[in-house]
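Listed in order, the protein sequences are those of chains A and B.
Those letters in the first sequence? Residues 3 to 189, per my numbering, in order.
Those letters in the second sequence? Residues 3 to 189, per my numbering, in order.
Backbone N, C-alpha and C define an ideal beta-carbon position, used for all residues, glycine too.
Each remark here refers to the structure printed beneath this line.
Protein chains: 2
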Amino acid sequence: MSLPHALLTALLEHPCSGLELAARFERSIGYFWHATHQQIYRELARMEGEGWISGEAAGEGRGGKKRYQVLAAGRRELKAWASREQDPAPHREALMVRLRAEAVLGGTRVADELLRRLALHQGQLAHYQALEARDFLADGSPDDRAARIQHLILKAGIQVEQLWVDWCAEALDLLAEPAPAATKRRR
Amino acid sequence: MSLPHALLTALLEHPCSGLELAARFERSIGYFWHATHQQIYRELARMEGEGWISGEAAGEGRGGKKRYQVLAAGRRELKAWASREQDPAPHREALMVRLRAEAVLGGTRVADELLRRLALHQGQLAHYQALEARDFLADGSPDDRAARIQHLILKAGIQVEQLWVDWCAEALDLLAEPAPAATKRRR
DNA sequence: ACAACCATGTAAGTAGTTACATGATTTA
DNA sequence: TAAATCATGTAACTACTTACATGGTTGT
């Protein structure tokens, strides 16, 4: 499980409250990890129980903002976890299942869905490219080891989105083509 | 949820038993969907209850192989589902969290993990390329609409693996570099 | 007859999602 | 003072994973 460790990393970069974490996950941190505020609150409480972080409530009672900080035990845990082996999560792309269903059945409206996906990925791509221009390509951008690693992660996001943009376009071409005669190639 | 629809598609392509489905998911069907045999059995039972498929037991009692076939209601369900909208699942790449932790803490062994991942993706890539050569590039390969769609899906798998192979190599380069002085670029 | 494997299944646990509840602060 | 929004949380549910159980078939 990686959510607590994603939270530890984010809190080390900048201590903040639960909702701020959720907002940061929506934005930059979240190219490759996602979490809702419900998950985040539950996990923060668990991590505080483990002694990995400590949270100071600003106001009294419920509704007050808390600021979480990483404790020494949290740093140790993160460091140990970061060196562990873990196989990549198996792919689960429902769009591919839909396409396979179209291949078998025909007559579905996957093309509409491909168009929608194309637009989504184009939007994400533009967003990531804007972040790259602002944070890593501008004059005076930091160029230390940490910045280079963060840039590398962002570049992975950009490349993935670019891949899906190109692939969706190719898929739409294929589906738009006049159905070819079901011939076999000659040897 | 897409697992039942992935199963319907697979059963339409070729009716078979639960364990055969699991084996097929390990192989070609599974570039973009994964399921264990436990999940598959549970889902098959549920789908039979819904009247989407019917399973004939070859032998009597427990331990006998069953052959499942898709019923008319199953076809209808699959067709309706294939036309539905669905946003892509959010990314969850623990490796990126590890890299971010390395950027913040330093001193982890992520490089080892990157090497391992590089080898994994190279292996998958070679496997998919072999499938492509065998099923879609050989003389006499079918070239109808269904085959083109299946090829398109395989190409997505190849492109994704290629992306990660290249990206892991770049990441390893970066981590191997002598730490640069923490300078800022001049404007 | 025993081992190895094939095939189907049960049970318990984890991670993530969706829907809702509640108090505090800001804005009209 | 009412509405909107910020911030924290609970509860129920779904999908997936891991570990184990059980019977049947094949090979030596």
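Buried or exposed (CB count within 10 angstroms, at least 16 for buried), residue i
i, result
"Q152 of chain A", "buried"
"M98 of chain A", "buried"
"R64 of chain A", "Here R64 of chain A scores only 47 on pLDDT, less than 50, and its place in the model should not be relied on; the value that follows carries that caveat. The residue in question, R64 of chain A, is exposed, as its Cβ has fewer than 16 Cβ neighbours within 10 Å."
"T38 of chain B", "exposed"
"E95 of chain A", "buried"
"A173 of chain B", "buried"
"E179 of chain B", "exposed"
"E52 of chain A", "exposed"
"L23 of chain A", "buried"
"A158 of chain A", "buried"
"L116 of chain B", "buried"
Residue i versus residue j: straight-line alpha-carbon distance, rounded
i, j, result
"S19 of chain B", "Q40 of chain B", "13 Å"
"R44 of chain B", "G109 of chain A", "29 Å"
"L120 of chain B", "K67 of chain A", "43 Å"
"L101 of chain A", "P92 of chain A", "19 Å"
"A135 of chain A", "D168 of chain A", "21 Å"
"L156 of chain B", "C170 of chain B", "21 Å"
"W83 of chain B", "W35 of chain A", "27 Å"
"R150 of chain A", "E15 of chain A", "15 Å"
"L154 of chain B", "A105 of chain B", "37 Å"
"L107 of chain B", "F27 of chain B", "39 Å"
"K81 of chain B", "A103 of chain A", "7 Å"
"Q88 of chain B", "A74 of chain A", "42 Å"
"F138 of chain B", "I160 of chain A", "29 Å"
"A147 of chain B", "P17 of chain B", "Position check: residue 147 of chain B holds Arg in this sequence, whereas Ala was assumed. If you take the alpha carbons of R147 of chain B and P17 of chain B, they lie about 21 Å apart."
"E79 of chain A", "A8 of chain B", "39 Å"
"A47 of chain A", "P90 of chain B", "29 Å"
Within-8 Å CB hit, residue i to chain B
i, result
"Y43 of chain A", "no"
"H36 of chain A", "yes"
"E50 of chain A", "no"
"A25 of chain A", "no"
"I155 of chain A", "yes"
"I151 of chain A", "yes"
"L127 of chain A", "no"
"S4 of chain A", "yes"
"E95 of chain A", "yes"
"E115 of chain A", "yes"
"L133 of chain A", "no"
"H39 of chain A", "no"
"Q161 of chain A", "yes"
"P17 of chain A", "no"
"V167 of chain A", "no"
"G76 of chain A", "no"
"L176 of chain A", "yes"
For residue i, three-class secondary structure by DSSP
i, result
"K81 of chain A", "helix"
"Q164 of chain B", "helix"
"E134 of chain A", "helix"
"P90 of chain A", "coil"
"R29 of chain B", "coil"
"K68 of chain A", "strand"
"E179 of chain B", "coil"
"A59 of chain B", "strand"
"P144 of chain A", "strand"
Residue-level contact to chain A via CB, residue i, 8 Å cutoff
i, result
"R64 of chain B", "At R64 of chain B the pLDDT is 48, less than 50, meaning the model places this residue with poor confidence; the figure from the coordinates comes in the next sentence. False, the Cβ-Cβ gap to chain A never drops below 8 Å."
"W54 of chain B", "no"
"R136 of chain B", "no"
"S85 of chain B", "yes"
"K81 of chain B", "yes"
"R29 of chain B", "no"
"Q88 of chain B", "yes"
"L120 of chain B", "no"
"R100 of chain B", "yes"
Cβ neighbours of residue i in the same chain (closer than 7 Å, five flanking residues each side left out)
i, result
"E163 of chain A", "H123, Q126, L127 and Y130"
"S30 of chain B", "L133"
"R86 of chain B", "none"
"A12 of chain B", "L23, R26 and I31"
"D175 of chain B", "none"
"E58 of chain B", "K68 and R69"
Neighbourhood of residue i by C-beta distance below 8 Å, restricted to the same chain and skipping five residues each side
i, result
"D114 of chain B", "none"
"D141 of chain A", "none"
"Y33 of chain B", "Y130, I155, L156, A158 and G159"
Same chain, Cβ closer than 6 Å to residue i, neighbours up to 5 away in sequence not counted
i, result
"G76 of chain B", "L10, W54 and I55"
"P6 of chain B", "E45 and M49"
"S4 of chain A", "none"
"L177 of chain A", "A113"
"I42 of chain A", "G20, L23 and A24"
"W166 of chain B", "H123"
Any non-hydrogen atom of the ligand COA closer than 7 Å to residue i Cβ
i, result
"A105 of chain A", "The ligand COA is not among the ligands present in this structure, which contains no ligands whatsoever."
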